[in-house]
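Here is the structure we will look at, set down as structure tokens.
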Ligand code: TYM
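In this note's numbering, the protein residues as written are 1202 to 1531.
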């Protein structure tokens, strides 16, 4: 049985990028694999979230995870900070993480550029904490979007380095995973880069149908193709990228053909179809989110049980790592 592990920072509501990048198909996955799904609340500390909001943010992601179909009877769902073994393994792995390589990480450089006044040590060693999350459960597969690819590469480096340094074949090398397909990046609706909370260009799973229609209507377009078989500009390609994940291949081919034929005046129809197909995905999820969010007893029960199971696996790894590194008790 393979081990699958997926994490999300509690920094807002889940959006289509999270869903298609990291979560799609986990309903099926949890039947066939040992799955760990967790909320990376320590990771969210790099941006100093308001202490009055931290717990609510965790609750939001927890409810949304569950509403997407994650079954705590089949998968292990936990909150990172409920598993203190992660902090100790993070400390141990930090001794094998070098400043030069951490400084070169794309996500570090990007965050440091965006927030020059808050380049903290946690931000620098973010990939070490992420590697710890993955290695502590010996994950084989890590469902992530394209933006996390480098973090998986770094995780494999640390696993390799540890094995080499101590002459063991202990840590497995995990693979970034998107269910047999290439890792994806769901774009934003503003014609630029990826869909992301801080970019403010998201369709959230909790969005009401009317909100989704409005957001799609506002997405950037133009007057149509300037000829037959011309390349699509990024902002049009972006709409097709989203269409590909929510609609059928026939629908995608239909609009692709219109573009390639150089036809104009069909963006209205494309947007209507796109909104409709997104709503088909999000509607049942949104309805479940609201129910789960208010069920304190249920959330308490599953996070207790999840933490217990995650700690069982984590403490076994930590004990073995301590032994490999030479710790002995008196
Ligand atoms: P986070 O919280 O930014 O995003 C959670 C997951 O959603 C994916 N994602 C996307 N995929 C495709 N297109 C998008 N526009 C898009 N936006 C987000 C991310 O790739 C991610 O898989 N560092 C992680 C959290 C984490 C983690 C881990 C993940 C901590 N430890 C261990 C996996 C394993 C993060 O910040 O994800």
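The beta-carbon is built from N, C-alpha and C at its ideal position, and this holds for glycine as well.
Keep in mind that this is a model prediction, so the values were computed, not measured.
Original post:
Hey, out of 1246, 1237, 1204, 1266, whose CA is closest to residue 1405's CA?
Top reply: 1266
Subject >> Near ligand 1: residue 1291 beta-carbon under 7 Å from a heavy atom >> reply: no
Subject >> Nearest residue (CA-CA) to residue 1224, options 1296, 1286, 1345, 1314 >> reply: 1345
Original post:
Over what stretch of residues does the alpha helix (DSSP H) that includes residue 1363 continue unbroken?
Top reply: 1350 to 1367
Subject >> residue 1235 and residue 1280 closer than 8 Å at C-beta >> reply: no
Subject >> Assigned exposure category for residue 1331 - 16 Cβ within 10 Å defines buried >> reply: buried
**OP:** Taking all protein chains shown into account, decide if residue 1252 is buried (16 or more other Cβ within 10 angstroms of its Cβ) or exposed.
**Re:** exposed
Original post:
Under 8 Å between the Cβ atoms of residue 1491 and residue 1410?
Top reply: no
Original post:
Contact check, residue 1212 vs residue 1321 under 8 Å by CB: the rounded distance?
Top reply: Not really, about 16 Å apart at Cβ, beyond 8 Å.
Original post:
How far does the alpha helix (DSSP H) with residue 1271 in it reach, from first residue to last?
Top reply: Unbroken run through residue 1271: none, as it is neither H nor E.
Original post:
With 16 as the cutoff for other CB atoms within 10 Å, does residue 1176 come out buried or exposed?
Top reply: In this structure the chain extends from 1202 to 1531, so residue 1176 is not present and cannot be described.
Original post:
So, helix, strand or coil for residue 1431, using DSSP?
Top reply: coil
Subject >> residue 1439 versus residue 1222 - alpha carbon distance >> reply: 15 Å
Original post:
Would you say residue 1219 touches ligand 1, meaning its beta carbon is less than 7 Å from a heavy atom?
Top reply: yes
Original post:
Would residue 1219 count as contacting chain B if we go by Cβ distances under 8 Å?
Top reply: This model lacks chain B altogether, as it is built from one protein chain only.
Original post:
According to DSSP, is residue 1299 helix, strand or coil?
Top reply: coil
Subject >> Alpha carbon of residue 1238 to alpha carbon of residue 1425, nearest angstrom >> reply: 43 Å
Original post:
Where do the ends of the alpha helix (DSSP H) carrying residue 1485 lie?
Top reply: 1468 to 1494
Original post:
What residues are listed by DSSP as bridge partners for residue 1378?
Top reply: 1344
Original post:
In the DSSP assignment, what are the bridge partners of residue 1206?
Top reply: 1237
Original post:
From residue 1467 to residue 1419, what does the alpha carbon distance come to, in whole angstroms?
Top reply: 15 Å
**OP:** Taking all protein chains shown into account, decide if residue 1296 is buried (16 or more other Cβ within 10 angstroms of its Cβ) or exposed.
**Re:** exposed
**OP:** Go ahead and pull the three-state DSSP assignment for residue 1390.
**Re:** coil
**OP:** Kindly indicate which residue of 1382, 1383, 1399 has the alpha-carbon position closest to the one of residue 1389.
**Re:** 1399
Original post:
How about residue 1315: is its Cβ closer than 7 Å to a heavy atom in ligand 1?
Top reply: no
Original post:
How is the alpha helix (DSSP H) around residue 1522 delimited, first residue to last?
Top reply: 1497 to 1526
Subject >> Beta-carbon proximity check, residue 1290 vs residue 1326, cutoff 8 Å >> reply: no
Original post:
Got a sec, what are the start and stop residues for the alpha helix (DSSP H) residue 1417 sits in?
Top reply: 1410 to 1419
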